[in-house]
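Structure first, commentary second.
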Amino acid sequence: MTTDSRDKQHQITRNHSLAAAIKNSWNGIWTVIRRERNMRIHIAAALVIGIAALFDHLKPIEWLPLIAAITLVICLEFVNTIVEALVDLIVGHHYDIKAGLAKDVAAGLVSFAVFIELLVVAIVFWSHFKG
Ligand SMILES: Nc1ncnc2c1ncn2[C@@H]1O[C@H](COP(=O)(O)OP(=O)(O)OP(=O)(O)O)[C@@H](O)[C@H]1O
643 MTTDSRDKQH QITRNHSLAA AIKNSWNGIW TVIRRERNMR IHIAAALVIG IAALFDHLKP
703 IEWLPLIAAI TLVICLEFVN TIVEALVDLI VGHHYDIKAG LAKDVAAGLV SFAVFIELLV
763 VAIVFWSHFK G
């Protein structure tokens with residue numbers, strides 16, 4: 643295989659068009675959804691929250707904190723996946739205490755965001771029914 647044909651299969655240059663940039667970014671999102679079980683759980687939880695908010699006729703202002711909390715969790719799960727990929731790229735299959743720390747802190751960020759998400763959901767629905 644020549645270098646040229648290899649480069650066509652595995653792009654390592656800048657995107658030549660906006661369409662290519664969008665296609666590659668969607669590919670990144672889809673890859674995370676396919677590979678990361680936790681991301682699928684976050685999306686399922688977001689759907690459940692959204693359906694509950696629809697059924698309970700939440701006001702637009704009440705949707706905002708829910709959307710913010712869900713966005714935070716999903717964005718941090720992307721960050722967690724990026725950290726895992728970079729750590730694996732750097733250390734491979736070797737044990738390294740700093741690699742473990744980086745992965746644990748990244749996972750901890752997601753857990754913290756999920757805790758905030760649960761808190762936000764509880765407060766929004768509680769205040770909706772209370773008043
Ligand atoms: N190279 C390494 N060196 C040291 N510890 C590691 C290494 N790779 C993984 N670990 C430890 O194993 C844990 C799980 O690893 P990893 O994050 O790759 O698995 P995962 O199942 O994809 O995690 P998550 O549930 O967050 O997606 C890490 O949080 C870390 O404590």
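Residue numbers (our numbering): 643 to 773. Cβ coordinates follow ideal geometry from the N, Cα and C atoms, glycine included. Note that the structure is predicted; figures quoted are calculated from it, not measured.
Distance cut-off 7 Å: residue i Cβ against heavy atoms of ligand 1
i           : result
residue 736 : yes
residue 741 : yes
residue 733 : yes
residue 687 : no
Under the three-state DSSP convention, the category residue i falls into
i           : result
residue 656 : coil
residue 670 : helix
residue 731 : helix
residue 763 : helix
Check: residue i C-beta below 7 Å from any heavy atom of ligand 3
i           : result
residue 678 : Ligands displayed in this structure: ligand 1; ligand 3 is not among them.
Neighbour-count burial assignment, residue i, 16 or more Cβ in a 10 Å radius
i           : result
residue 662 : exposed
residue 718 : buried
residue 695 : buried
residue 706 : exposed
Pairwise C-alpha distance: residue j and residue i
i           : j           : result
residue 721 : residue 745 : 10 Å
residue 710 : residue 760 : 12 Å
residue 674 : residue 725 : 13 Å
residue 693 : residue 658 : 40 Å
residue 757 : residue 713 : 13 Å
residue 700 : residue 772 : 13 Å
residue 703 : residue 765 : 13 Å
residue 698 : residue 671 : 30 Å
CB contact check: residue i to chain C, cutoff 8 Å
i           : result
residue 659 : In the displayed structure, chain C is absent; only one protein chain is listed.
Are the segment 730 to 745 and the segment 670 to 688 in contact at 8 Å, needing three or more beta carbon pairs?
no
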